[in-house]
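888 is the number of the first residue of the sequence shown in our numbering; add one for each residue after it.
The beta carbon of each residue, even a glycine, is placed where N, CA and C say it ideally should be.
Worksheet for the structure shown next.
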Amino acid sequence: MIRLQDSYWQPIHAEIQNFLWLQLYDPIFNILAIKKPFQNARLDHLQAAMTEGRVFYDNGVFSSPSGKYDIRTSKELSEFATFNPRSGTWVGLPPPEIIATAARVKFESQRINERVAEVLPKFEANFEAALKGLTFPIAHVISVMNEGLQQSLGTLAILPELTPEAYANLIGFYHDQQKLNIQNWEPEQISRLRNVIEANVKAGYNRQELENRIRQEWEVSANKARFLARQETSLFVSRFRDERYQSAGVEEYIWMSSGDSRCRAANKYGGPAHGPGGPLHGHRFRFDDPPISGTRGERENPGVPFGCRCIARPVLNITKV
Ligand SMILES: [Zn+2]
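Structure below.
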């Protein structure tokens, strides 16, 4: 059986009332500086909760982003609205001061939404130039790696000198790769943010929700940045190691599992186990002929597969020296 529920029409009523109040009476009361007839302290907590974004009002429905209402706010809501436990919302006909508060909050949130939306085209316009000016502290990493590699060889093999030119090439290579990563990912992040802003328009400018979503997007960005920094540097380190060892005449290595839980966890992405007992740890391979080790069966040296923290212990051919 279908019958009319109060909740069907009350929101419409509220909207009409809202419209009339805002368009006609509120300006008049303001111009005349007349004390508003309904200005009282009864609904203080509700108005504070709305202003702070703890309670959101749209179309006759009060909701809470956290799903919670404090006792005093609930008490005030119960004066004119009924709680729907299923949706966790309050539905009812709010008095004019509540409508006015909702309109003010919505207006401010709309301004915030618009200002956030304006940031995106600016970011896109400046992106290329800003990315071009970006530098990464990789030079120090190269010199530390170089020393480490020489130490691992002891006196049994000598790494050829790393010329300033070779240094510059390595630094340039790293920058090119990392900037390409960022460039490839930028449209995705911009489109995610655009979706957040558009979704917020449809949701009636929920400022709290906008803040929450933007914070979530920041986390996405921060995680992506962390991933790119880690993955690209890991690839760079492995590539540098392979080339340097081979330039010193070291062609083979023993695959050594890092033994920490994170590398063993790499197995969950697929590919062969990197840990003890697997086909890699403790086995001997050639730098120019890596074993099957990647997540999709790629042939890769230690440190190259996704999440891999294994190392290559150089095999020194003493008879050659
Ligand atoms: Zn590994």
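Closest residue to residue i among the options (Cα-Cα distance)
i	options	result
residue 869	965, 1182, 1199	Not covered by the structure: residue 869. The range shown for the chain is 888 to 1208.
residue 972	954, 1083, 963	954
residue 1249	961, 1008, 1119, 930	The question about residue 1249 has no answer, for the chain in this structure spans 888 to 1208.
residue 1123	944, 1166, 983, 1026	1026
residue 952	1174, 937, 1127	937
residue 1100	1003, 1020, 985, 982	1003
residue 1129	1199, 1089, 984	1199
residue 1020	990, 1197, 1066, 1043	1066
residue 1142	1165, 1127, 1158	1165
residue 1014	958, 1088, 1076, 999	1076
residue 1211	1121, 985, 1023	In the structure displayed, the chain extends from 888 to 1208; residue 1211 sits before or after that span and is not available.
residue 1115	1005, 1006, 1064, 1031	1064
residue 1085	1037, 1031, 1163, 1001	1001
residue 1127	998, 1031, 956	1031
residue 940	969, 1121, 988, 1045	988
residue 1094	990, 1035, 969, 965	990
Contacting residues, own chain, Cβ-Cβ under 7 Å from residue i (five flanking each side not counted)
i	result
residue 1072	1111
residue 976	948, 949, 950
residue 1201	1039, 1040, 1132, 1137, 1140
residue 1173	1138, 1139
residue 1104	1079, 1080, 1083
residue 1018	1066, 1069, 1070
residue 967	979, 980, 981, 982
Near ligand 1: residue i beta-carbon under 7 Å from a heavy atom
i	result
residue 1126	no
residue 1177	no
residue 1030	no
residue 1170	no
residue 1159	no
residue 1196	yes
residue 872	Here the chain comprises residues numbered 888 to 1208, so residue 872 is not present and cannot be evaluated.
residue 1144	yes
residue 1163	no
residue 1192	yes
residue 1201	no
residue 1166	no
residue 1008	no
residue 1024	no
residue 972	no
residue 1189	yes
Classification of residue i by the beta-carbon crowding that lies within 10 angstroms, buried from 16 upward
i	result
residue 1050	exposed
residue 1041	exposed
residue 996	buried
residue 1096	buried
residue 993	buried
residue 1170	exposed
residue 1204	exposed
residue 974	exposed
residue 985	buried
residue 1158	buried
residue 1012	exposed
Cutoff 6 Å; reference residue i; Cβ partners in own chain excluding five residues on either side
i	result
residue 1187	1177, 1180, 1181
residue 1091	945
residue 1061	1025, 1123
residue 1047	1134
residue 963	930, 932, 933
residue 1145	1196, 1197
residue 959	932
residue 1185	none
Cut-off 8 Å between Cβ atoms - residues of its own chain near residue i, not counting five sequence neighbours on either side
i	result
residue 1058	1025, 1026, 1029
residue 1108	1076
residue 1010	1077
field: Ordered list of alpha helix (DSSP H) runs contained in the stretch 1095-1172, each at least 4 residues
entry: 1148-1151
field: Those runs of the beta strand (DSSP E) which lie wholly inside the stretch 946-1018 and span at least 3 residues
entry: Secondary structure in the stretch 946-1018: the beta strand (DSSP E) runs of 3 residues or longer, each lying completely within the stretch, are 948-950, 968-971, 976-979 in chain order.
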